[in-house]
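Q:
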Amino acid sequence: MRRALVWVAVLQGCSLAVSQEVEPPRCQRSAQCEVLNVVDGVARESRRRWYCPPGPAGLRVCTLGDIDEDGDRESPDARAGGTDCDDTDPRRGRRQVEAPDGIDNDCDGVIDEGVWMDGAAVALGAAPTPVVTFAGSVRSDGSAAVAMTSGDGQGALARFEGGELRVAPVTYRSVYLDFSTTREAAGRCSYPDVVSGAACDLGDLVAVETSPSQWLSASVNTVGCASGQLRLGWFSDTDFAVVLDARPDGRGSNVGFGVDVGPVSHCGGVSRMPPVRGAARPSIAALPAAAEQRPRGLVTWHARAANAVTCGTPASVEALGVWLASGPDSGGMSRSWVMATDAGRPQVLGVTEGGSRVATTLGEGGFVVAYGRQGGAIAVHVVAGFAVPAGSASVALDASRSVFVLATSATAPIDGVVIAPGTTREGRPELGVAWREGCGPGGALRFARVRLDPMDPARSESSPPVTLAASGAEGPAIAYVEDGMRVRRERGRAHGGERDDGGWVVAWIDHTEDRLRARAQRMSELDGALLPTTSEGTAPEAAVEIAALSGESVGITLGRGDGSGGALRYLLHDGGAARWLGGGLLPRVGP
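Under the working numbering, the residue at position 285 of the sequence shown is numbered 281, and the numbers go up by one with no gaps.
(1) In or out: V204 buried (at least 16 other Cβ within 10 Å) or exposed?
(2) Which runs of the beta strand (DSSP E) at least 3 residues long sit entirely within the stretch 433 to 458? Give them in chain order.
(3) Which residue marks the beginning of the alpha helix (DSSP H) containing E205, and which one marks its end?
(4) Within 10 Å of its beta-carbon, does P284 have 16 or more other beta-carbons around it, so buried, or fewer, so exposed?
(5) Span of the alpha helix (DSSP H) holding L32?
(6) What are the boundary residues of the beta strand (DSSP E) that includes L345?
(7) For P270, which three-state DSSP category applies?
(8) G436 and S467 look like a contact to me (Cβ under 8 angstroms); what is the Cβ gap, rounded to whole Å?
(9) Look at I280 and G350 and say whether their C-beta atoms are less than 9 angstroms apart.
(10) Alpha carbons only, please: which of S42, V34, R56, P278 is nearest the one belonging to E19?
(11) If you check the beta carbons only, do H569 and F156 fall under 9 angstroms apart?
(12) Exposed or buried, G471, counting other C-beta atoms within 10 Å across all chains shown (16 or more means buried)?
(13) Taking C-beta to C-beta, are V501 and I474 nearer than 9 angstroms?
(14) Would you give the residue range spanned by the beta strand (DSSP E) that I415 belongs to?
(15) Use the C-beta contact count for T296: other C-beta atoms within 10 angstroms, 16 or more gives buried, fewer gives exposed.
(16) I need the straight-line Cα distance from R40 to V34, nearest angstrom please.
(17) When we look at the beta-carbon of Q370 and count the other beta-carbons within 10 Å, is it buried (16 or more) or exposed?
(18) From the DSSP output, in three-state form, read off S26 for me.
(19) Specify the secondary structure class of A355 as computed by DSSP and reduced to three states.
(20) Rounded to the nearest angstrom, what separates D197 and G151 at their Cα positions?
(21) Can you tell me which of P453, L228, S332, W46 puts its alpha carbon nearest to the alpha carbon of P278?
(22) Short check: CB of A503 to CB of I542, under 9 angstroms?
(23) So, do the stretch 384 to 400 and the stretch 410 to 425 have three or more beta carbon pairs nearer to each other than 8 angstroms?
(24) Taking only three categories from DSSP, how would you classify A182?
(25) For T337 versus Y367, is the C-beta distance shorter than 9 angstroms?
(26) Need the endpoints of the beta strand (DSSP E) that L402 sits in, please.
(27) Is L153 near A143, with beta carbons less than 9 angstroms apart?
(28) Compute the Euclidean distance between the alpha carbons of I99 and S213, then round it to the nearest angstrom.
(29) If I measure Cβ to Cβ from R455 and keep anything under 7 angstroms in the same chain, skipping five residues before and after, which residues do I get?
(30) Less than 9 angstroms separating the beta-carbons of G149 and G105?
(31) Using the DSSP secondary-structure output, state which residues sit across from I505 in a beta bridge.
(32) Could you give the first and the last residue of the continuous beta strand (DSSP E) run that contains M335?
(33) Taking the C-alpha atoms as reference points, what is the distance between S390 and W211?
(34) If you draw a straight line from the alpha carbon of F231 to that of R292, how long is it in whole angstroms?
(35) By DSSP, does A573 sit in helix, in strand, or in coil?
(36) How should F236 be labelled, buried or exposed, when 16 other C-beta atoms within 10 angstroms of its C-beta is the threshold for buried?
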């Protein structure tokens, strides 16, 4: 279209206005066309304007029409009735759907809310096979870590560092071979008689970070070194190797208390009374490090032999508080060692029929413990935190508070219980609980939200259980995310960042198909219900597939991204390919 244009040239302080019939000028951006709007008297709020439309470079010309610079068929928000908050990017507009790409697609002021991260699982390196035990934990920065043992009695600690997975071998060595005798005259339960050096095979290992690069551990040996006994220790994290070293005089030793759950034990670490020989399936959680308090944790386990963990067979659930003490050894050298509450005498919390680890995590000012109890229910204990006065060698663990019983409709034993604390409303901490019904991977996987009463746990409340998988679920893991789960919409427009848009993610291994698959699902923190497929709908969102596995897997764990990993990422063992798999699940949500 030819039209009359007024061109103004400024030469050496003089201006010259020229009116002539010309073609509209070529352009690269809409700002170059603003002079036409000035000449034509187009109001700034008008939707119909001269602008530079999308097209091949060098062929774009100023055009009069409904402005749409990025070609997404939405006009900018600044124009009357417009819906495009960024007309330079076709991925952004009020009609766009949020995607995990680091931008605010739907123009609601929040980035990447309500979406799963795209992309397949990434191989993170070789893993030993077979893996016998797998215990996930969460580091002080929120990222995932795994302590594991392999079929040849070796251990390993895997954790994310700078977005990369680092795996350090863990070994146990000791001059102890036989714990059948005691040194009660010394008044301590942690120093049995010394025999000689021995090779030690780790049968189980759990570890939790108390501060950056410092960990508390609990391990069970299967060969040598008092087979079957639970040993509590600590270590400093390195990129090379972790050695749990037990020595009789304490010099250089980072393994201290032993716990043997024989029925006539005078104290922990001394009885070898068959048929109960040691502890099985330990679990551990640690309170955040504080300047005025030493690193403290809670260890729980099944009171039965490590090689006799059988789902469906009752066993006591026991607990012991631990902390890291320090001081000079007999040679005057500074060292650290693990101490235990109640002089090493465990407290019995209850009885479980499950074969998996007792769920143990942090609560407000203390710990929360959960496990499947007899009769198809779940027991939830609130264990108070404990302080360690300076110079004190005797601290009591308070596990006397009443227990909340989460009722289920299950007729089979409850197994694979996992828990994750959420937010606190009206003084009541919220807890996400997932569990599997029945022994083995054939049972259903369910979830419920619990509102704890910290003063009287028996008066806690739970939401109706929801089914995540009708069958074939194994090895669930759980995590809580504060925000970005749901999107609130008003009159068809998205408004992110509302107060109650957090929730829980549960991941598991699915056995229902010929090939094992890892899946995950999200639940709202508002009511514990499955998130809907769309913001406007009510139909529950289907489980998302994380990865297809090459063979058997012993577990999956969830943790936060430690930098570039987003709001939530996973770490998975793929036994068929002897490798670690990992990746993001939820992107980092931001304004």
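The beta-carbon is built from N, C-alpha and C at its ideal position, and this holds for glycine as well.
Being a predicted model, the structure only gives us computed values, none of them experimental.
A: Based on what the coordinates show:
(1) buried
(2) 441 to 447
(3) From DSSP, E205 is part of no alpha helix (DSSP H) but of the beta strand (DSSP E) over 197 to 207.
(4) exposed
(5) 30 to 36
(6) 343 to 348
(7) The predicted position of P270 is uncertain, since its pLDDT is 45 and thus under 50; a value taken from the coordinates is nonetheless stated next. Reduced to three states, the DSSP call for P270 is coil.
(8) With a Cβ gap of about 11 angstroms, G436 and S467 do not count as contacting.
(9) In this structure, G350 does not lie closer than 9 angstroms to I280 by Cβ.
(10) R56
(11) It is not a contact, given that the beta carbons lie outside the stated cut-off.
(12) With 16 or more Cβ atoms within 10 Å of its Cβ, G471 is classed as buried.
(13) yes
(14) 410 to 421
(15) Classification for T296: buried.
(16) 9 angstroms
(17) exposed
(18) Note: S26 maps to helix in three-state DSSP.
(19) In this structure, A355 counts as strand in the three-state DSSP scheme.
(20) Rounded to whole angstroms, the separation of the alpha carbons of G151 and D197 is 9 angstroms.
(21) L228
(22) yes
(23) no
(24) Any reading at A182 must be qualified, since the residue scores a pLDDT of 28, below 50, and its modelled position is unreliable; the value itself is stated next. The answer is helix: DSSP assigns A182 an H, G or I state.
(25) Cβ atoms of T337 and Y367: not closer than 9 angstroms.
(26) 400 to 403
(27) yes
(28) 41 angstroms
(29) D449
(30) No, these two residues do not count as a Cβ contact at 9 angstroms.
(31) E470, A514
(32) Residue range 330 to 336 is occupied by the beta strand (DSSP E) that includes M335.
(33) 22 angstroms
(34) 14 angstroms
(35) helix
(36) exposed
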